[in-house]
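Numbering (the working numbering), first residue to last: 1 to 592.
For glycine and all other residues, C-beta sits at the position ideal for the given N, C-alpha and C.
Every value quoted in this text rests on a predicted model; they were computed, and no experiment measured them.
A quick write-up on the structure given underneath.
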Ligand SMILES: Nc1ncnc2c1ncn2[C@@H]1O[C@H](COP(=O)(O)OP(=O)(O)OP(=O)(O)O)[C@@H](O)[C@H]1O
Ligand SMILES: [Mg+2]
């Protein structure tokens, strides 16, 4: 694969070449100016110099020549800058788009070991950083490089002095600057990495701010963030100091160069120097080369900066979902239309830990299946894997007779409605949270209301004063756990997908509501739909058609409640422990 650096440099070649050509023209024009000037002064003082570059009858022609050369040089410099910024913006768009696609395509973020804060910082700093090469280094480099290469030759030609003293001084300065700039780039890299870590911490802090406050962890958290800031500040100080040193070297360099150029004139020039030549020399060294030398350290710095950002982006782009394939002994089945869902040999390994092992299951159209098992048995991961969100490997996976290998992830997901275990509420109105579309038409309100009614969310008693227009989420009413779950249920009802994946969506509702939800929704309105319900509630188990019993990532048994109770010692032990826990909670509640 092409490296990102190659992509920045070698895409849209015509544009990159135009930038180079424009800055070359600017440099040549800039250097022609002093030659006109020399001729002008030679003519004014009536000196006959060794070399003549132009011959005009009128003195004014030299002045005009110098003037237009400098003017045009400026114009080409501006054009170079404009083109460069345009290219940089173009590349930023490309990178931002790719970053966005990659982030979407990464399975559950925590599985890839990428904290949210780090991804935010890639967006905020590295996308721009990566293209600094285009809008700074390339034009600055080109407009700096050509004058630096051309100037010694111009001096040598003009005064008939050897090339080496000027070149030696310039090489020495370049080496020193490269070294300083390399140091600077390390500070830059640390600067970005430290900022990313701090953003990560602050993000975690903001997300959990209430809990942290309740647990009185605020102090420790803030100490942590401050500690990061201290390290950051130290790095910043080094960065600024190094930068200032580079600047000082760059600004004093013209003095040395002048001295060396004059010295070589005194020692090596074989003829009398005219005042026109002297002025041209001062112009070249004192004016023309000032900008390139000032830019040189920044040229390297921005170049390295861009390079470190590209490395960070490349590193992120190469992130894999942390899952690996396993083999399985089961043989694949041919897809049959009678089943809503047929899975063989589902395996999920995250960071060498096997989360799901060789799971196979058939769920018929319209079947109601419960998935039970101890905490951490892999129930949620099973649902997420069915949604193709975990990067799990399937020996075969058919949805209503379609091989999921041959259809897009979007099409796979269009078969499902899903209620996540932790619930999901957007900062939007209640209506938008159910319909999941902003600005829906008013005629759909009755459908939204019906969905809420079936989900036992009663607009008149839930303290949502503005009805469907009530803002919920962080900016509005904060719903209770049970309310969130019921909004989630209303949402999946509204969307009418054929297979419902319900992750523990009854855990926060009371017994009475649970009863009603079963009657009206799970066994009522959804009677014909395929339902997979993860639950810890025993009361749900004799209402479903079949129970899948999971342990350590495997389905170890499957059957009705009675069947499992009758034949499985482990299942009996599981129900006893769940019942005990429920009784414990009840007693605790009664005590309070
Ligand atoms: N993002 C993740 N990255 C790596 N491992 C994970 C991740 N999420 C869960 N796991 C691991 O996968 C295993 C199964 O987790 P899962 O959430 O599916 O359990 P569960 O059966 O749904 O539990 P619960 O009843 O508490 O909801 C656990 O051992 C957990 O540590
Ligand atoms: Mg779970």
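Less than 8 Å separating the beta-carbons of residue i and residue j?
i, j, result
"residue 385", "residue 356", "yes"
"residue 359", "residue 382", "yes"
"residue 81", "residue 147", "no"
"residue 500", "residue 373", "no"
"residue 341", "residue 363", "yes"
"residue 131", "residue 83", "no"
"residue 2", "residue 279", "no"
"residue 490", "residue 518", "no"
"residue 73", "residue 30", "yes"
"residue 595", "residue 503", "The structure shown does not extend to residue 595, since the chain is modelled only from 1 to 592, so the question has no answer here."
"residue 251", "residue 294", "yes"
"residue 68", "residue 62", "no"
"residue 118", "residue 196", "yes"
"residue 397", "residue 343", "yes"
"residue 346", "residue 394", "yes"
"residue 265", "residue 161", "yes"
"residue 122", "residue 99", "yes"
"residue 221", "residue 212", "yes"
"residue 403", "residue 473", "no"
"residue 134", "residue 230", "no"
"residue 200", "residue 115", "yes"
"residue 300", "residue 239", "no"
"residue 48", "residue 276", "no"
Thinking C-alpha only, which one of the options is nearest residue i?
i, options, result
"residue 368", "540, 565, 149", "540"
"residue 254", "243, 222, 229, 292", "292"
"residue 432", "403, 400, 410, 467", "467"
"residue 174", "209, 298, 28, 560", "298"
"residue 462", "483, 317, 197", "483"
"residue 477", "571, 567, 430", "430"
"residue 449", "493, 179, 289, 394", "493"
"residue 258", "155, 350, 246, 216", "155"
"residue 455", "516, 91, 90", "516"
"residue 558", "460, 547, 78", "547"
"residue 317", "33, 263, 584, 106", "106"
"residue 509", "376, 487, 527", "487"
"residue 166", "281, 219, 312", "281"
"residue 45", "273, 117, 245", "273"
"residue 435", "135, 496, 188", "496"
"residue 233", "214, 194, 203, 260", "194"
"residue 380", "126, 505, 445", "505"
"residue 5", "129, 120, 21", "129"
"residue 124", "244, 567, 92", "92"
"residue 423", "376, 236, 485", "485"
"residue 552", "378, 572, 85", "378"
"residue 184", "143, 243, 170, 158", "243"
Is residue i near ligand 2, judged by its Cβ being under 7 Å from some heavy atom?
i, result
"residue 485", "no"
"residue 128", "no"
"residue 380", "yes"
"residue 92", "no"
"residue 315", "no"
"residue 369", "no"
"residue 359", "no"
For ligand 1, is there any heavy atom lying closer than 7 Å to the beta carbon of residue i?
i, result
"residue 377", "yes"
"residue 421", "yes"
"residue 350", "yes"
"residue 373", "yes"
"residue 199", "no"
According to the neighbour-count rule (16 or more other Cβ atoms, all chains shown, within 10 Å of its Cβ), is residue i buried or exposed?
i, result
"residue 223", "exposed"
"residue 35", "buried"
"residue 535", "buried"
"residue 481", "exposed"
"residue 306", "buried"
"residue 87", "buried"
"residue 177", "buried"
"residue 327", "Residue confidence is low: residue 327 scores 43 on pLDDT, short of 50, so the model does not pin down where it sits. Its coordinate-derived value is still stated next. Exposed, since its Cβ has fewer than 16 Cβ neighbours within 10 Å."
"residue 182", "exposed"
"residue 25", "buried"
"residue 329", "With a pLDDT of 42 at residue 329, under the threshold of 50, the modelled position of this residue cannot be trusted, and the question is left open."
"residue 415", "buried"
"residue 27", "buried"
"residue 401", "exposed"
"residue 562", "exposed"
"residue 127", "buried"
"residue 390", "buried"
"residue 339", "buried"
"residue 248", "exposed"
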